[in-house]
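All remarks here apply to the structure that follows.
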Amino acid sequence: MIKRSASAPIREAAKSFPLVAITGPRQSGKTTLSRHVFDDRPYVSFEDPYVRQRFEEDPRGFLAVYEEGAVFDEAQRCPELFSYLQGQVDGDSRMGRL
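Each residue of the sequence shown is one higher than the one before, counting from 238 in this note's numbering.
Printed below as a string of structure tokens:
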């Protein structure tokens, strides 16, 4: 893996905010970076139709599985996710969870 200068600022942001978003152009290393920085968290890709289906069938139940945090990749594939995440953060604002 190429050493990324963004690793430290992302770790710091996770200490100050309940959610951290990593954005950028395609194939720029966002997934690799997030999996490296948050290697202690489950990885969930919304690119997988089965994952999207599970979320759509029971959003709150789906997110309850990741109560301690996760890396949600390809989240743009499931726009409703952001509303549910906002609700979770409003109810529990622990830093760096998701």
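C-beta atoms are modelled at their ideal positions from N, C-alpha and C, and glycine is treated no differently.
Inset, instruction - Output the residue ranges of the alpha helix (DSSP H) runs that lie fully inside the stretch 238-275 and measure 4 residues or longer, sorted by chain position. - result: Taken in chain order, the unbroken stretches of alpha helix (DSSP H) that lie wholly in the stretch 238-275 and span 4 residues or more are 244-253 and 267-274.
Inset, instruction - Answer yes or no: do residue 308 and residue 278 have a C-beta to C-beta separation smaller than 8 angstroms? - result: For residue 308 and residue 278, yes; Cβs fall inside 8 angstroms.
Inset, instruction - Quickly, what does DSSP pair residue 282 with across the bridge? List them, please. - result: Its beta-bridge partners are 310.
Inset, instruction - Please report the residue range of the alpha helix (DSSP H) in which residue 320 lies. - result: Here the alpha helix (DSSP H) through residue 320 covers 318-328.
Inset, instruction - Measure the beta-carbon distance from residue 248 to residue 274 and round it to whole angstroms, keeping in mind my assumption that it falls under 8 angstroms. - result: The pair is a contact, with the Cβ atoms about 6 angstroms apart (cut-off 8 angstroms).
Legend entry - Minimum C-alpha distance to residue 292 - residue among 312, 242, 245 and 305: Of 312, 242, 245 and 305, the residue nearest in Cα terms is 312.
Inset, instruction - Take residue 318 as the anchor and find which of 305, 333, 332 and 294 has the nearest alpha-carbon. - result: Looking at 305, 333, 332 and 294, the one whose alpha-carbon comes closest to that of residue 318 is 294.
Legend entry - Per-residue DSSP class, three states only, for residue 302: Coil at residue 302, not helix or strand.
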